[in-house]
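In my numbering, the protein residues as written are 7 to 317.
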C-alpha cells in the first residue's frame, strides 16, 4: 500500500528587506490618459524605447522651424520625452536657434562655457573634471524655474562608450506603490546646487554662488504643464530632504524614490555618433551620462531652455 504525504508544503524562512524594487509587471503607459495619438505628417518617428525615446528622421535642424513644424516637433517631445536627430553637425548658433523655438536660453555660471555664455561645453578627456557623469539627475532643479529642456550635440565621440541614458519619471510615478503615492501626495522637497557640485568643486569655487542659488522647494510630484501627467521630481544630485520629515525618514524615502530612475523598463539608451543631437524634456525625465570611455576624449555642447516654476 502506497502512503501519500498530504502535509502542506512549507518553505524555510527567508527575509526580504523592505523598500526594495521587485520583479513583476510594470505599468508602461507612454501617453497621458485621454491623449489623442495622431500620425506625424512632417517627419518620420522611429521609436527607440517602449515609453521614452524616438529618433526623428527627415528633419534638418539647421533651418528655422515654421510654426506648424515646431508644433509637431513639440508634440513628439511631449509624447516621447527625448528626441534624437542623427548627423546634424550644427554650429553653436544653429543649435541655439533651434532651442530658441521653445523659449529663452539660460546660462549656467557653474559650468564651462562654449562660444557664448548660454552654451555649456563638456570637454572630457583624461583628467577632466567629471561634472554630472555616472549619476541620474534632472538638470538645475536647484533653480526656482528649472530648465524646460535641453539640446545636446556631440562634437567628438570616443571609439567606445560614452552613451547617455534617459528615464521617464511619469512611468516611475505610475509604478509607485499606493502607500508611497499617499505619503508624497502634496509633499515638497528642498533642492540645492551644493551637494551635486561639491562632488567635483571645492568650497572656494561654490561659496560665491550661494546667494545666487539659495535652496528652493519643489513638489515631490510635479504636474507636467502641457500634458497634465504626474511625475516624480526628486533626484540624487540636488534634492536634499523632504520638507517636514525627520532626517532619517526623509533619507529613506528619497533613496527609494531616486532609485526609480534605475528601472530599465523606464529607460532609453543612446549611442552617439559625431553630429548627433538629443532634445529632451527636462520636466519629465532624468538622464545619466556614462563615463566609461577613459582615456579617450568626448566633447559635447548643450544649450538649455528656461522653464517654469513646478507645481
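C-beta: ideal position from N, C-alpha, C; glycine also. Being a predicted model, the structure only gives us computed values, none of them experimental.
(message) Going by beta-carbon coordinates alone, are residue 233 and residue 178 separated by less than 9 Å?
(response) For the purposes of this step, residue 233 is identified with residue 227 of the chain shown, where counting begins at 1. For the purposes of this step, residue 178 is identified with residue 172 of the chain shown, where counting begins at 1. Between residue 233 and residue 178, the C-beta spacing is not below 9 Å.
(message) Once DSSP output is grouped into helix, strand and coil, what is the label at residue 251?
(response) As a working mapping, residue 251 is identified with position 245 in the chain shown. The three-state reading of DSSP puts residue 251 in coil, since its state is none of H, G, I, E or B.
(message) Which residues does DSSP list as the beta-bridge partners of residue 128?
(response) In the chain shown, the residue the question calls residue 128 occupies position 122. Answer is 306.
(message) DSSP has residue 174 in a bridge; who is on the other side?
(response) Along the chain shown, one-based indexing puts residue 174 at 168. Answer is 291, bridged to residue 174.
(message) For residue 64 and residue 73, what's the separation of their Cα atoms in angstroms?
(response) For the purposes of this step, residue 64 is taken as the residue at position 58 of the chain shown. For the purposes of this step, residue 73 is taken as the residue at position 67 of the chain shown. When only Cα atoms are considered, residue 64 and residue 73 end up about 17 Å apart.
(request) Enumerate in chain order the residues of its own chain whose CB-to-CB distance from residue 46 is below 7 Å, with the five nearest sequence positions on each side excluded. (result) Position 40 of the chain shown, counting from 1, holds the residue named residue 46. Only 78, 82 meet the Cβ criterion.
(message) Among 129, 137, 260, whose alpha-carbon lies nearest the alpha-carbon of residue 189?
(response) Start at 1 with the first residue of the chain shown, and residue 189 comes out as number 183. Of all alpha-carbon atoms in 129, 137, 260, the one lying nearest the alpha-carbon of residue 189 is that of 260.
(message) For the stretch 270-279 against the stretch 152-163, do three or more pairs of beta-carbon atoms, one drawn from each stretch, fall closer than 8 Å, so that the two count as touching?
(response) Contact between the stretch 270-279 and the stretch 152-163 is present, because at least three Cβ pairs lie under 8 Å.
(request) Reducing DSSP to helix, strand and coil, say where residue 197 ends up. (result) Reading the chain shown from its first residue, position 191 is the one you call residue 197. Here residue 197 sits in strand by DSSP.
(request) Using only alpha-carbon positions, find the residue among 198, 226, 222, 225 that is nearest to residue 213. (result) For the purposes of this step, residue 213 is taken as residue 207 along the chain shown, with counting starting at 1. Closest option to residue 213, Cα to Cα, is 198.
(request) Please specify which runs of the alpha helix (DSSP H), each continuous and at least 4 residues long, are wholly inside the stretch 44-113, giving them in chain order. (result) Here the runs fully enclosed are 73-86, 98-105.
(request) Could you name the residues of the same chain whose beta carbon sits closer than 8 Å to that of residue 317, not counting the 5 residues immediately before and after it, in chain order? (result) What you label residue 317 is simply residue 311 of the chain shown in a count that begins at 1. So the qualifying residues of the chain are 225, 228, 229, 231.
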